[in-house]
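Sequence order for the protein chains is A and B. Every position in the first sequence, counted from 1, becomes a number in our numbering once 28 is added. Every position in the second sequence, counted from 1, becomes a number in our numbering once 132 is added. Every residue gets a Cβ at the ideal spot worked out from N, C-alpha and C, and that includes glycine. Taking it in order: structure first as structure tokens, then the write-up.
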Amino acid sequence: MPATESMKAGSGLSFELPSEDTLLVRLTGEWKLSSRLPAADEVMKHVDAGPKIGRITFDTEGLQGWDSGLLIFLIRLQELASQGRTVMVEQDGLLPGVKRILGLASAVPERKGARREAARISFLDRLGVYAIASWKSILQTIEFIGEATVAFMRLLTGKARFRPSDFFLIMQECGAQALPIVSLISVLVGLILAFIGAIQLKIFGAQIYVASLVGIGMVRALAAIMTGIIMAGRTGAAFAAQLGTMQVNEEIDALKTLGINPIEFLVLPRMLALFLMMPLLSLYADLMGVAGGLIIGVSMLDLNFMEYFIKTKESVTMNDFMVGLFSAAVFGVLVALAGCKQGIQCGRSASAVGEATTSAVVTSIVSIVVAMALITVVCNVLNI
Amino acid sequence: MADKKPHIIVQDLTMAYGDFLIQRDLTFTINRGDIFIVMGGSGCGKSTLLRHLVGLQSPAKGKVLYGDVSFWDAEPEERETIMRSFGILYQSGALWSSLTIGENISLPLQQYTNLSPGQIRQIAALKLSLVGLSGFEEFYPSEISGGMKKRAGLARAMALDPEILFFDEPSAGLDPISAHLLDELILELRESLGATVVIVTHELASIFAIGNNSVFLDPETKTMIAQGDPKSLLAESKDPKVINFLTRGAGAKPQ
Numbered sequence: 029m030p031a032t033e034s035m036k037a038g039s040g041l042s043f044e045l046p047s048e049d050t051l052l053v054r055l056t057g058e059w060k061l062s063s064r065l066p067a068a069d070e071v072m073k074h075v076d077a078g079p080k081i082g083r084i085t086f087d088t089e090g091l092q093g094w095d096s097g098l099l100i101f102l103i104r105l106q107e108l109a110s111q112g113r114t115v116m117v118e119q120d121g122l123l124p125g126v127k128r129i130l131g132l133a134s135a136v137p138e139r140k141g142a143r144r145e146a147a148r149i150s151f152l153d154r155l156g157v158y159a160i161a162s163w164k165s166i167l168q169t170i171e172f173i174g175e176a177t178v179a180f181m182r183l184l185t186g187k188a189r190f191r192p193s194d195f196f197l198i199m200q201e202c203g204a205q206a207l208p209i210v211s212l213i214s215v216l217v218g219l220i221l222a223f224i225g226a227i228q229l230k231i232f233g234a235q236i237y238v239a240s241l242v243g244i245g246m247v248r249a250l251a252a253i254m255t256g257i258i259m260a261g262r263t264g265a266a267f268a269a270q271l272g273t274m275q276v277n278e279e280i281d282a283l284k285t286l287g288i289n290p291i292e293f294l295v296l297p298r299m300l301a302l303f304l305m306m307p308l309l310s311l312y313a314d315l316m317g318v319a320g321g322l323i324i325g326v327s328m329l330d331l332n333f334m335e336y337f338i339k340t341k342e343s344v345t346m347n348d349f350m351v352g353l354f355s356a357a358v359f360g361v362l363v364a365l366a367g368c369k370q371g372i373q374c375g376r377s378a379s380a381v382g383e384a385t386t387s388a389v390v391t392s393i394v395s396i397v398v399a400m401a402l403i404t405v406v407c408n409v410l411n412i
Numbered sequence: 133m134a135d136k137k138p139h140i141i142v143q144d145l146t147m148a149y150g151d152f153l154i155q156r157d158l159t160f161t162i163n164r165g166d167i168f169i170v171m172g173g174s175g176c177g178k179s180t181l182l183r184h185l186v187g188l189q190s191p192a193k194g195k196v197l198y199g200d201v202s203f204w205d206a207e208p209e210e211r212e213t214i215m216r217s218f219g220i221l222y223q224s225g226a227l228w229s230s231l232t233i234g235e236n237i238s239l240p241l242q243q244y245t246n247l248s249p250g251q252i253r254q255i256a257a258l259k260l261s262l263v264g265l266s267g268f269e270e271f272y273p274s275e276i277s278g279g280m281k282k283r284a285g286l287a288r289a290m291a292l293d294p295e296i297l298f299f300d301e302p303s304a305g306l307d308p309i310s311a312h313l314l315d316e317l318i319l320e321l322r323e324s325l326g327a328t329v330v331i332v333t334h335e336l337a338s339i340f341a342i343g344n345n346s347v348f349l350d351p352e353t354k355t356m357i358a359q360g361d362p363k364s365l366l367a368e369s370k371d372p373k374v375i376n377f378l379t380r381g382a383g384a385k386p387q
């Protein structure tokens, strides 16, 4: 745009009637977006005032500067003139640049069917669409679980392909690198559990049972649940974001066209890694949780270190360990499934990656809690 | 085109990523209304030069002047004012994927002008019609083709009526006819809006069709080895590298 920033003259609009059927529109001053632009309707008022007017012409001698502001005015004018009126808009008086741009704007006619109207959808329609979408997503989940199972079977028969280095890298990321946060959370959970128990048990003089409470609570359920939730936020979200971004960048398509099954290549190593690492992390969380309880036991309840240790050993059975480790492995699979499923089925935009990540975390946490409930009930029935 | 006022002056510019030198001692001037081509083989730093010009990356040495203001020595507010006069078309469009095409074009207008929503809609429609995409306001970038994305990106670049338009490989990924139409469009926009255009490309057809000034970057010596009108470069240059590039490796000047 010619830079005539010297002064903001404002845009001027005046009218003349050189002959009975012609309206001369005089444009003066600056016609820029930054100045206040007159509305095209003003011209039409003059057109409608003189019933015989059939032509609009322009005089742009006093025009000092213009940009898109003038263009949208002229386009609007053209629209108004062709709506139920028989008025010709003659562009001869306009600047050559303006004429060319207007020509360019109308060069490619609007493609039929391109424009979308924002239709109002009724409540029932929306409910139906939502129900169908929910059903589809259930089907997709089942399909994904099926594909993952098939891939796992192929792995067992030695047919699945993925890069071992990827597998070890993922193991490191979701195993060793999670230790600090798992330590912190588990110690605190053990601490909280001991603290709550201590207040009640002290009334009966049964402080020593804090060791059993913390021991069984952590080993059987809480260590696995807390580790699962940490991994959902840490690793499940990362899986969804990674795979989602790969989907956006067509990297997953590139794998498919190379004949590499993305489920085997991307999902399987992630699932295996979490499946193997989760029980280990959970075992570590057991230890940290008991340590947290120990801190409270020794510092607040006047228990002796050995006393606490022996009581813990006495009350925690092998079965508790097994239930805890089994749950952790299940949670690992659930977190990996949720993260990878959302990532692989992600849409192709930045916000879709965000949605995939969110729903990966939400699904993981919900399924962890549901699975824990199921495991607890089953164990109860089986007397484990 | 009569006024040959300098618009962008690059003085002694050296670009580097850490210790890794990309290009050194670049000195050239882009005049107002020029269609300036940055050319050179792949990996010679063309896009990096563009990033320096538009203020995404600071030079290791040297200056980039807009008018008489040195961009990298200016205050942040002044830089922002300069940057607002840019329209940039990125290599793959770089449309914001969570916004519709219409919203993509409206965003800069909402940020920097006091226009009413109705006016913004009209301008978005105008810009889309200029690039031949009338009526595509409600589409998301993932729903349109690569060439359309590029044109929508151009519409967004033009949203604020920029004084300088930067293009990073505008015709890459377009079919020859679309590429030709885009060239025409660039010429037309330059003619009617009087904007300065800077294009990074190695598309020979475009270079000769629309460029009237250029700089040639050499990846081996890591500096510029030619500048001027591409057509006269082809006719007059003595440098075999330049001739080779401009003749697609044929080495000889076409008769």
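Point to revise | chain A within 8 Å of Ser274/B, Cβ atoms only | key: yes
Review point. Would the beta-carbon of Gly125/A fall within 8 Å of that of Leu325/B?
Key: yes
Check your understanding: Do Ser214/A and Gly287/A come within 8 Å of each other at the CB atom, strictly closer than that value?
Key -> no
Exercise for review: Check each residue of the stretch 226-237 of chain B: if its Cβ is closer than 7 Å to any Cβ of chain A, include it; give the result in chain order.
Suggested key: Ser229 and Ser230
Check your understanding: Do the stretch 335-352 of chain A and the stretch 233-241 of chain A touch if we need at least three Cβ pairs shorter than 8 Å?
Key -> yes
Point to revise | Member of Glu352/B, Gly305/B and Val186/B whose CA lies at the smallest distance from the CA of Gln223/B | key: Gly305/B
Exercise for review: Can you give me the Cβ contacts of Lys136/B inside the same chain, cut-off strictly under 6 Å, excluding the 5 residues immediately before and after it?
Suggested key: Asn163
**Study point:** Close Cβ partners of Leu207/A (< 8 Å) along its chain, the five nearest in sequence each way excluded
**Key:** Leu309 and Tyr312
Review point. Beta-carbon of Thr245/B versus every beta-carbon of chain A: anything under 8 Å?
Key: yes
Practice item. Tell me Lys193/B's beta-bridge partners as DSSP assigns them. Key: Thr146/B
Review point. Between Ser96/A and Ile255/B, is the Cβ-Cβ spacing less than 8 Å?
Key: yes
Check your understanding: Which of helix, strand or coil does DSSP assign to Gly219/B?
Key -> strand
Point to revise | Pair within 8 Å by beta-carbon distance, Val170/B and His184/B | key: no
Check your understanding: Of all the options Glu269/B, Leu247/B, Gly177/B and Ala382/B, which has the alpha carbon lying nearest to the alpha carbon of Glu138/A?
Key -> Glu269/B
Practice item. Could you tell me which chain B residues have their CB closer than 7 Å to the CB of Asp95/A, listed as they occur along the chain? Key: Asp293
**Study point:** Own chain residues within Cβ distance below 6 Å of Met259/A, not counting five before or after
**Key:** Val363
Point to revise | Reduced DSSP secondary structure (H/G/I, E/B, other) of Phe359/A | key: helix
Point to revise | Cutoff 8 Å: Gly125/A Cβ touching any chain B Cβ | key: yes
Point to revise | For Leu216/A, the nearest candidate out of Ile323/A, Lys60/A and Ser387/A (CA to CA) | key: Ile323/A
Check your understanding: Taking Pro192/A as the reference, which of Leu241/A, Glu292/A, Arg54/A and Phe172/A has the closest Cα?
Key -> Glu292/A
**Study point:** Lys373/B versus Lys282/B: straight-line alpha-carbon distance, rounded
**Key:** 31 Å
Review point. Where does Ala252/A fall in DSSP's three states?
Key: helix
Review point. Using CA coordinates, which residue listed in Gln370/A, Leu91/A and Ala252/A is at the minimum distance from Leu271/A?
Key: Gln370/A
Review point. If you draw a straight line from the alpha carbon of Ser310/B to that of Gly225/B, how long is it in whole angstroms?
Key: 15 Å
Practice item. Give a yes or no on contact between the stretch 388-407 of chain A and the stretch 289-303 of chain A, applying the rule of three or more CB pairs nearer than 8 Å. Key: no
Point to revise | Pro307/A - DSSP class collapsed to helix/strand/coil | key: helix
Review point. Any C-beta of chain B sitting closer than 8 Å to the C-beta of Ser63/A?
Key: no
Check your understanding: Fully enclosed by the stretch 292-332 of chain B, which alpha helix (DSSP H) runs are 4 residues long or longer?
Key -> 308-325
**Study point:** Integer Cβ distance of Gly367/A from Gly264/A, believed to fall under 8 Å
**Key:** 4 Å
Point to revise | Limits of the alpha helix (DSSP H) - the one that Asp69/A falls within | key: Asp69 to Ala77
Point to revise | Within chain A, the residues that Ser261/B reaches when beta carbons sit closer than 9 Å | key: Ile103, Leu132, Ala133, Ser134, Ala135, Val136 and Glu138
Exercise for review: May I ask you to list the residues that DSSP assigns as paired with Ser47/A?
Suggested key: Thr50/A
**Study point:** Pick from Leu123/A, Val389/A and Ala161/A that is closest to Ile257/A, judged by C-alpha positions
**Key:** Val389/A
Review point. If we count the other Cβ atoms within 10 Å of its Cβ and call it buried at 16 or more, is Val157/A buried or exposed?
Key: exposed
Exercise for review: Compare the C-beta of Gln251/B with all C-beta atoms of chain A and state if any pair is closer than 8 Å.
Suggested key: yes
Exercise for review: Ignore the nearest five residues each way along the sequence and tell me which others in Gly90/A's own chain have a CB closer than 6 Å to its CB.
Suggested key: Thr56
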